[in-house]
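Chemist: Going line by line, the protein sequences match chains V, L, A and R.
Under the working numbering, the first residue of the first sequence carries the number 1, and numbering increases by one thereafter.
Under the working numbering, the first residue of the second sequence carries the number 1, and numbering increases by one thereafter.
Under the working numbering, the first residue of the third sequence carries the number 1, and numbering increases by one thereafter.
Under the working numbering, the first residue of the fourth sequence carries the number 1, and numbering increases by one thereafter.
All C-beta atoms, glycine included, are put in the ideal place defined by N, C-alpha and C.
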Amino acid sequence: MPQLPGLLKGLGVTARTAMRTLFPKRGMRTLIPAPQQGSVTVQYPHEKEAPPDRARGVIALHEENCTACMLCSRSCPDWCIYIEGHKVKAPPRRAGGAVRSVNVVDRFDIDYALCMYCGICVEVCPFDALFWSPEYEYSEPHIADLLHDRIRLSEWMETVPEFLEYEPGSEQKVRKVPDFGTDDFAPKRQLGADDAGPARKLEADGARELASGAGS
Amino acid sequence: MSPPPTASALREQQAYVAAQAADARVNVELDTGDMTLNIGPQHPATHGTLRIACQLDGEQVISAEPLMGYMHRGYEKLCEVRTYPQCTTLINRIDWLGSFANEVPFILAAEQLMGVEAPPRAQWIRTILFELSRIANVSLFLGDMGVQVGALTPVFFAFRDRERVLNQIEEVTGGRFHPNFDRIGGLKDDIPRGWIAETHAVMAKMRGFCDEMEDLLMGNEIFQTRCRSVGVIPGDVALSYGLSGANLRASGVDWDLRRDANPGLAWDQVDWRVWTHPDGDSFARYWVRLQETREATKIVDQLLDGIPSGPIMAKVPRIIKVPAGEAYVSTENPLGEMGYYVVSKGGLGPFRVKIRTPSFSNISVVPWVMRGTYVPDIITILGSLYFILGDIDR
Amino acid sequence: MADGTGDEQPDDQAGDEAREALAAELSELLGDAVVESHVEAGQNLWLRVDIEQWHAAMAALRDAGFAYFGFLSAIDWTDAPEGRYEDTEFDAAGAGEEDDEASSATAEETVRRGGGETRFQLLAQLHSPARHAAVLIKADVPEADGAPASVPSIIDVFSGADWHEREAHEMFGLVFDGHPNLEHIYLPTEFEGHPLRKDFPLLARAVKPWPGVVDIEEIPPELEAQLEAEVMAEFEASGAGA
Amino acid sequence: MTGALGLAYWAETSIKLGVALIVIPTAALMLGYLFLLKMMAFMQSRLGPQDVGPYGTLQLIADAVKFLQKEDIHPAAADRRVFRAAPVVVLASSFLLFVVLPTGPDAVVENLDTGIFYAMAVSSLSVLGVLMAGWASANKYALLGGLRAAGQLIAYELPLILAVMGVVIQADSLNLQEIVRAQAEGEIFGFGLIGNPFILTQFIGFLIFMISAQAELTQTPFDMPVAETELVGGFHVEYTGFRFLLFFMAEVATAFAFSALATVMFLGGWWIPGFDFDAPVLNVLGPVVMLVKILVVAFIIFWIRFTYPRLREDQLQKFAWKVLIPLSLANIVVTGIFKVVL
């Protein structure tokens with residue numbers, strides 16, 4: 001049957017929490033109620049929470065880098081990335097080079113109604129064309145509107161934060177987010193491998209071979 | 001700190017059941033009839049879509065039969081058509097409150113088949129995230145148990161403080177609930193700068209939360225009246241039903257896969273202990289989980305201080321193909337033993353994945369333990385067994 | 001209650017030796033029930049028992065201290081006709097790329113690694129909490145008239161096997177003799193078929209075309225030379241070529 | 001017959017009725033807002049409602065409007081007439097409680113000589129409504145809830161009434177106004193400045209009264225008839241819209257009424273030390289003092305509600321029969337002895 005201490009302790013916990021919520025201020029201003037600061041909740045539509053930089057909110061597409069290699073689409077567990085493209089001829093990279101065949105993306109859709117936000121597509125992309133953005137406000141009244149096309153996906157690029165520094169002891173290299181929208185007049189769709197490091201380029205080449213091998 | 005465990009709980013329960021059975025016989029003579037009460041599939045106590053079909057005599061349970069499958073997603077079949085990296089996405093969603101911990105045994109099984117071992121730094125960070133998801137998962141239980149027995153406030157405390165842990169997980173993995181961060185051969189990324197200090201602070205907060213729960217709920221006499229001698233599961237019954245995790249340890253069986261079958265994570269590098277309780281009742285299960293949460297914060301603190309430097313990925317091919325073979329790896333997940341029996345025939349994806357989930361076995365004891373109890377006890381027992389619906393239905 | 005430091009972390013070698021010893025011990029215990037035992041280096045211990053002795057073996061193991069019932073399930077060893085519903089060339093291309101030895105496992109090897117001779121195989125995992133050792137028990141389920149023969153239920157040995165057997169029943173169509181309530185556990189009562197059998201198609205994948213098919217429009221061959229010249233001209237005109 | 005204001009009986013009664021009809025919902029709203037929304041939120045590190053009105057003060061009115069807009073649904077198998085009547089019965093019981101509550105020398109709807117007797121009788125009416133709701137809903141959860149409420153009624157009316165008996169013995173009257181007077185004019189060891197609020201001499205009675213009131217109000221730890229996590233709301237599981245609103249209002253209004261009863265019986269009621277008992281100014285100041293005291297008592301009721309888990313029905317019965325009733329009987333005996341001796 002009830003004994004005092006346990007019951008009273010419980011009352012103490014709730015009372016203490018109420019006091020902390022209502023009077024979070026210390027020192028001279030202890031008695032000024034300020035529940036806005038004392039509470040842990042966020043009044044959502046009025047104030048917004050900032051997710052961490054790595055948060056997987058929405059996928060942004062850096063279209064210039066995309067070569068329609070289909071790797072993302074293939075490694076998607078939900079089959080929710082749809083890509084179509086066509087080939088064009090691009091000028092050689094340097095003087096004396098040969099004219100290259102380049103893939104141009106016509107369609108790059110991600111169906112967020114199906115997406116499971118696993119991030120595999122971002123990870124497998126060998127050309128740095130896909131990035132995570134922590135933005136989360138893109139709910140729609142109609143489920144069909146959750147299919148973001150390449151224009152919509154490119155718009156998210158502005159919200160992509162820089163990659164974070166690592167804790168000491170890490171041997172990871174901090175990646176860079178490519179600049180967006182600075183170079184409007186440059187010939188469109190430079191291959192992303194151009195400005196990546198040699199290791200990445202190698203990987204990219206491998207992936208391209210793979211893509212063409214599978215396509216043949 | 002620890003309330004004296006009473007070994008007489010089982011005897012009490014048996015006497016109680018015997019008395020109830022005697023009552024029930026009287027009722028049979030009077031032919032008062034039974035009532036079927038469906039608890040669920042939509043019911044606040046089943047936190048999910050579990051249905052328990054109860055035969056009631058008044059408020060007393062004659063039989064209780066869990067019926068599930070309302071959320072059966074067929075993960076074992078789905079895994080068969082996915083590649084190994086794609087599987088972790090699904091596996092995240094089995095026990096959705098401790099997702100990272102779900103990934104680990106699967107990845108370990110695949111690594112075992114491939115003969116790959118993750119570098120030490122990855123192992124340590126894995127262990128840290130594993131324990132963080134344990135804290136996130138179990139702290140919700142600590143509050144939720146309050147709601148099951150009628151106290152509103154603890155669950156809000158639990159949500160409040162769990163959020164801090166989830167934030168830490170999200171800062172590393174990018175996902176609050178579905179990290180999808182573990183990779184065959186290591187981890188997707190390293191931890192960001194400043195994270196270790198923040199996590200230390202959060203761990204201190206979580207210990208405060210445990211103290212608060214002890215004062216607010218566990219020490220409360222009403223809570224103890226509700227939970228002691230309710231739903232007693234003796235150790236041998238628990239073993240026979242395959243109960244695992246805190247449920248098993250609360251029945252006095254000293255068994256923790258982190259200590260006894262450590263598959264290579266960093267638990268053996270730090271100082272911690274396994275908590276057991278001899279009673280096997282609902283209170284014991286709560287008590288063990290509370291101690292374990294506290295212990296987990298200590299594990300995390302020690303691990304954070306000792307993360308070795310180095311790479312976080314072993315050398316694995318870019319396209320992962322697992323050699324033919326079979327492996328069963330299980331770890332001590334927040335809910336109990338979660339194991340993956342992975343059969344590979346050498347393709348990009350597994351040939352067969354048997355997912356041994358803790359909740360499935362934990363809940364299978366329900367028909368046994370609920371006979372002769374009262375309707376409110378159903379809720380207490382269900383709450384204290386602590387299941388996640390995704391973990392039952394897969 | 002021991003602390004976790006340094007305790008119970010044998011290196012693989014010692015672990016394997018312990019497993020070998022355990023395998024020998026259990027083979028002796030179970031006598032002629034054991035068809036095959038296998039220790040995978042650094043991994044698990046499997047025992048394959050005769051299906052006739054399934055129940056007896058389980059009871060013997062429980063009495064020998066393997067009191068913790070891990071799980072019971074089954075495998076269908078046939079290959080799914082649809083594969084992964086994806087472009088199989090992609091799989092093949094991935095295989096050719098690197099890591100070739102991975103795919104070298106032969107059919108015999110699959111069988112050696114614990115696989116059985118029959119299509120369906122029953123497996124269960126038991127654990128001894130006292131000696132911290134686990135054992136995986138397997139049994140081949142023979143087929144009769146196209147359906148798997150019935151298997152003795154081990155519900156009276158391990159109460160927890162109840163639901164696991166129901167699951168194996170609905171997923172693989174195995175029949176457990178002596179099970180009091182062999183009904184569907186997850187699926188609706190009227191559901192037909194056994195989803196985890198390999199010949200059961202996964203409709204979600206079958207109804208939708210795989211989006212990973214390469215959909216790149218090639219330049220018509222007759223235009224190729226002309227476009228090439230145009231691009232080259234533009235390139236030289238821009239001065240980049242100089 | 002004329003009342004204190006010198007008006008005709010009908011006129012005075014209509015005025016009092018009008019005031020009561022305004023005061024009671026206002027009181028319920030205030031209590032609901034202050035404790036049910038805000039205090040609970042603060043105790044849980046939240047803010048509570050913020051959007052409707054300044055600091056969310058109008059939230060409950062918005063909720064009421066929302067409830068009014070909802071469709072009035074009956075379960076197909078429900079006993080319709082009883083189903084509809086149940087919330088009205090419950091609400092009526094809490095309204096009737098207010099009739100005898102004195103808030104000033106003349107500020108009382110009807111000063112009954114058997115006031116406390118009447119209050120106890122009327123308050124148990126609400127359980128009848130609960131039982132009706134539980135039965136008529138044709139829902140198993142509701143039925144269980146209704147039955148639990150009935151069981152609780154039997155277990156808790158007794159200690160409630162027995163706890164009040166101590167006060168009645170000490171005050172020599174069943175009239176609530178007289179009980180206030182007894183406290184105002186009483187003195188403890190010859191020290192009469194603050195009178196003798198019976199909480200001092202009847203502390204055990206006060207405790208038993210508060211515990212029983214908690215059960216009467218179906219507040220945690222005795223909220224088994226509602227028990228969201230077990231019975232999904234118990235007797236009112238099938239109610240929506242307006243009828244649910246009635247239950248909700250009754251719940252808060254009864255909490256208010258019981259806090260007022262406790263104030264009157266144990267905390268000295270509306271009387272302010274230093275004033276004449278009949279001073280007309282107390283008709284204005286009295287309600288204010290009452291309100292403050294009521295809020296304090298209600299605070300305790302809700303504080304306990306937000307902190308404690310709930311007991312099981314059989315544990316509650318055990319507690320009532322084995323602890324509370326013997327204790328309150330002993331309390332009566334001791335009070336009686338003191339009364340006779342002193």
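(1) Could you tell me which chain A residues have their CB closer than 9 Å to the CB of residue 393 of chain L, listed as they occur along the chain?
(2) Could you check which residue in R:157, R:264, R:272 has the C-alpha nearest to that of residue 317 of chain R?
(3) Can you check DSSP and say which residues form a bridge with residue 138 of chain A?
(4) Please work out which residues of its chain come closer than 7 Å, Cβ to Cβ, to residue 200 of chain L, disregarding the five sequence neighbours upstream and downstream, and give them in chain order.
(5) Just the chain R side, please: which residues come within less than 7 Å of residue 10 of chain V by C-beta, in chain order?
(6) Helix, strand or coil: how does DSSP classify residue 64 of chain L here?
(7) Taking contact to mean at least 3 C-beta pairs separated by less than 8 Å, is the segment 172-186 of chain R in contact with the segment 137-150 of chain R?
(8) Pick helix, strand or coil for residue 181 of chain A, following the three-state DSSP scheme.
(9) Just list the alpha helix (DSSP H) runs in the segment 359-387 of chain L, keeping only unbroken ones of 4 residues or longer that don't cross its boundaries, in chain order.
(10) Just the Cα atoms here: how many angstroms apart are residue 92 of chain V and residue 236 of chain A?
(11) Pick helix, strand or coil for residue 54 of chain A, following the three-state DSSP scheme.
(12) Taking CB distances under 8 Å as the criterion, tell me whether residue 161 of chain V reaches chain R.
(13) Going by DSSP, what residue range makes up the alpha helix (DSSP H) through residue 393 of chain L?
(14) Would you call the segment 36-47 of chain L in contact with the segment 355-367 of chain L, where contact means no fewer than 3 C-beta pairs closer than 8 Å?
(15) Going by DSSP, name the residue or residues bridged to residue 56 of chain L.
(16) Just mark residue 171 of chain L as buried or exposed, buried being the case when its beta carbon has 16 or more other beta carbons within 10 Å.
(17) Out of curiosity, what's the CA-to-CA distance linking residue 271 of chain L and residue 138 of chain L?
(18) Tell me which residue opens and which closes the alpha helix (DSSP H) that residue 338 of chain L is part of.
(19) The alpha helix (DSSP H) that contains residue 266 of chain L, what's its start and end?
(20) Any Cβ of chain L within less than 8 Å of the Cβ of residue 178 of chain A?
(21) Against chain L, which members of the segment 162-175 of chain A pass a CB distance test of less than 7 Å?
(22) Against chain L, with Cβ distances strictly below 8 Å, would residue 116 of chain V count as a contact?
(23) Between the Cα of residue 33 of chain R and those of R:278, R:256, R:280, spot the shortest distance and give me the residue it belongs to.
(24) Would DSSP call residue 192 of chain L helix, strand or coil?
(25) Identify whether residue 20 of chain R lies in helix, strand or coil by the three-state DSSP scheme.
(26) Do residue 187 of chain A and residue 165 of chain A have their beta-carbon atoms positioned less than 8 Å apart in this structure?
(27) Taking Cβ-Cβ distances shorter than 8 Å, what residues in chain A pair up with residue 119 of chain V?
(28) Can you tell me where the alpha helix (DSSP H) with residue 253 of chain R in it begins and where it stops?
(29) Just mark residue 224 of chain L as buried or exposed, buried being the case when its beta carbon has 16 or more other beta carbons within 10 Å.
(30) When you compare only the Cα positions, how much space is there between residue 118 of chain A and residue 143 of chain A?
(31) So, helix, strand or coil for residue 78 of chain V, using DSSP?
(32) How many angstroms separate the CA atom of residue 277 of chain L from the CA atom of residue 246 of chain L?
(33) Which residues in chain V sit within 7 Å of residue 50 of chain R, going by Cβ to Cβ distance?
(34) Rounded to whole angstroms, what is the Cα-Cα separation between residue 20 of chain A and residue 133 of chain A?
(35) Cutting at 7 Å between CB atoms, please list the residues of its own chain near residue 19 of chain R, excluding the five before and the five after it.
(36) Can you give the beta carbon distance from residue 69 of chain L to residue 393 of chain L, rounded, assuming they're within the 8 Å contact cut?
Modeler: Quick answer:
(1) Against the second sequence, residue 393 of chain L aligns to sequence position 393. Under a criterion of Cβ atoms nearer than 9 Å, the residues of chain A adjacent to residue 393 of chain L are, in order, 186.
(2) Numbered from its first residue, the fourth sequence carries residue 317 of chain R at position 317. The residue with the shortest Cα to Cα distance from residue 317 of chain R is R:157.
(3) Position 138 of the third sequence, counting from 1, holds the residue named residue 138 of chain A. Answer is A:48, A:123.
(4) By one-based count along the second sequence, residue 200 of chain L stands at place 200. Once the five neighbours on either side are set aside, the close Cβ partners of residue 200 of chain L are 301, 304.
(5) By 1-based counting over the first sequence, the position of residue 10 of chain V is 10. Within 7 Å Cβ-Cβ: 307, 308.
(6) Reading the second sequence from its first residue, position 64 is the one you call residue 64 of chain L. Strand at residue 64 of chain L.
(7) no
(8) In the third sequence, the residue the question calls residue 181 of chain A occupies position 181. Three-state DSSP puts residue 181 of chain A in coil, outside helix and strand.
(9) 366-370, 375-385
(10) Here residue 92 of chain V refers to the residue found at position 92 of the first sequence. Here residue 236 of chain A refers to the residue found at position 236 of the third sequence. Answer to the nearest angstrom: the Cα atoms are 10 Å apart.
(11) On the third sequence, position 54 is the one that residue 54 of chain A refers to. Three-state result, residue 54 of chain A: helix.
(12) Locating residue 161 of chain V in the first sequence gives position 161, counting from the first residue. No, residue 161 of chain V does not count as interfacial toward chain R.
(13) Mapped onto the second sequence, residue 393 of chain L falls at position 393. Start and end: 389-393.
(14) no
(15) Translated into positions along the second sequence, residue 56 of chain L becomes position 56. Paired residues: L:35, L:61.
(16) Locating residue 171 of chain L in the second sequence gives position 171, where the first residue counts as 1. Buried.
(17) Along the second sequence, one-based indexing puts residue 271 of chain L at 271. Along the second sequence, one-based indexing puts residue 138 of chain L at 138. Distance between the alpha carbons of residue 271 of chain L and residue 138 of chain L: 20 Å.
(18) The count along the second sequence starts at 1 and reaches residue 338 of chain L at position 338. First-last for residue 338 of chain L: 336-344, but that is the beta strand (DSSP E), not the alpha helix (DSSP H).
(19) For the purposes of this step, residue 266 of chain L is taken as residue 266 along the second sequence, with counting starting at 1. It is not in any alpha helix (DSSP H) - residue 266 of chain L carries neither H nor E in the DSSP assignment.
(20) Locating residue 178 of chain A in the third sequence gives position 178, counting from the first residue. Taking 8 Å as the CB threshold, residue 178 of chain A stays off the interface with chain L.
(21) 162, 163
(22) Here the question's residue 116 of chain V lines up with position 116 in the first sequence. Residue-level contact check: residue 116 of chain V touches chain L, since one or more beta carbons of chain L fall below 8 Å from its beta carbon.
(23) The residue labelled residue 33 of chain R in the question sits at position 33 within the fourth sequence. Cα-wise, what sits closest to residue 33 of chain R is R:256.
(24) Counted from its first residue, the second sequence places residue 192 of chain L at position 192. Of the three classes helix, strand and coil, the one that applies to residue 192 of chain L here is strand, per DSSP.
(25) The count along the fourth sequence starts at 1 and reaches residue 20 of chain R at position 20. In this structure, residue 20 of chain R counts as helix in the three-state DSSP scheme.
(26) Taking the first residue of the third sequence as position 1, residue 165 of chain A is located at position 165. Taking the first residue of the third sequence as position 1, residue 187 of chain A is located at position 187. No.
(27) Position 119 of the first sequence, counted from the first residue, corresponds to residue 119 of chain V. When 8 Å is used as the limit between beta carbons, residue 119 of chain V is near no residue of chain A, the shortest such separation being about 17 Å.
(28) Within the fourth sequence, the letter at position 253 stands for residue 253 of chain R. Here the alpha helix (DSSP H) through residue 253 of chain R covers 241-266.
(29) Mapped onto the second sequence, residue 224 of chain L falls at position 224. Residue 224 of chain L comes out buried.
(30) The residue given as residue 118 of chain A occupies position 118 in the third sequence. The residue given as residue 143 of chain A occupies position 143 in the third sequence. Answer to the nearest angstrom: the Cα atoms are 7 Å apart.
(31) For the purposes of this step, residue 78 of chain V is taken as residue 78 along the first sequence, with counting starting at 1. Of the three classes helix, strand and coil, the one that applies to residue 78 of chain V here is coil, per DSSP.
(32) In the second sequence, counting from the first residue as 1, residue 277 of chain L sits at position 277. In the second sequence, counting from the first residue as 1, residue 246 of chain L sits at position 246. Near 9 Å, if we compare the C-alpha coordinates of residue 246 of chain L and residue 277 of chain L.
(33) To locate residue 50 of chain R, count along the fourth sequence from 1; it is residue 50. Neighbours of residue 50 of chain R on chain V, chain order: 43.
(34) By one-based count along the third sequence, residue 20 of chain A stands at place 20. By one-based count along the third sequence, residue 133 of chain A stands at place 133. So the two alpha carbons sit approximately 12 Å from each other.
(35) Locating residue 19 of chain R in the fourth sequence gives position 19, where the first residue counts as 1. Closer than 7 Å at Cβ, skipping near neighbours: no residue.
(36) As a working mapping, residue 69 of chain L is identified with position 69 in the second sequence. As a working mapping, residue 393 of chain L is identified with position 393 in the second sequence. Going by Cβ atoms, the distance from residue 69 of chain L to residue 393 of chain L rounds to 6 Å, so yes, they are a contact pair.
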